[in-house]
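**Q** After the structure tokens below, expect a handful of questions from me.
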Amino acid sequence: MANIVNANKTLKVRRGEKLLTAALENGIKWPHYCRVGSCGTCRCKLLEGKIRPLTDFGYVLDDEQLKEGYILACQSVLKSEIKVELDFKQKRIRRTKI
């Protein structure tokens, strides 16, 4: 189960299913773009519980976001029941070239 606290929504997530996939299948308008963990649009803050990341979130999220508990829903499989907070108006993360 995943609880989106600021939307007062709870959804069932099947074993091995990504959080974003479950949310979209349950009619939640979760912000997303790439679905492969490269844009950061699906990021949310993990408040409780454990997930298994399918990729290194550090590629997209900065150190501050990682310390605050942000995860990528498109690359997160639940290991327990979780609570997340989501900004439904967030945009893609834009990187500057080095």
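If you're matching positions, the sequence shown starts at 973 in my numbering and goes up one per residue.
Glycine residues also receive a C-beta, built at the ideal position from the N, C-alpha and C atoms.
#1: Kindly say whether K1051, judged by its beta-carbon, lies nearer than 8 Å to any beta-carbon of chain B.
#2: Measure the C-alpha to C-alpha separation of A995 and L983 and round it to an integer number of angstroms.
#3: Using 10 angstroms around the beta-carbon of K1061, count the other beta-carbons present and answer buried if the total reaches 16, otherwise exposed.
#4: Report yes if the CB atom of G1140 is closer than 8 Å to the CB atom of L1044, and no otherwise.
#5: Quick one: using the 10 Å Cβ neighbour count with 16 as the cut-off for buried, is K1001 buried or exposed?
#6: Grouping DSSP H, G and I as helix and E and B as strand, with all else coil, what is K1039?
#7: Can K1042 and K1017 be called in contact, C-beta distance under 8 Å?
**A** Taking the definition as stated:
#1: Checking the listed chains, one finds no chain B in this structure; it contains a single protein chain.
#2: By one-based count along the sequence shown, residue 995 stands at place 23. By one-based count along the sequence shown, residue 983 stands at place 11. Between A995 and L983, the C-alpha separation is close to 7 Å.
#3: Reading the sequence shown from its first residue, position 89 is the one you call residue 1061. Counting Cβ neighbours within 10 Å, K1061 comes out exposed, since fewer than 16 surround it.
#4: Summary: the structure shown does not reach residue 1140, with the chain confined to residues 973 through 1070, and so no result is reported for it.
#5: For this step, residue 1001 is matched to residue 29 along the sequence shown. With fewer than 16 other Cβ atoms within 10 Å, it is exposed.
#6: By 1-based counting over the sequence shown, the position of residue 1039 is 67. Residue state, collapsed to three classes: helix.
#7: Against the sequence shown, residue 1042 aligns to sequence position 70. Against the sequence shown, residue 1017 aligns to sequence position 45. A quick correction: the sequence has Tyr, not Lys, at residue 1042. For Y1042 and K1017, yes; Cβs fall inside 8 Å.
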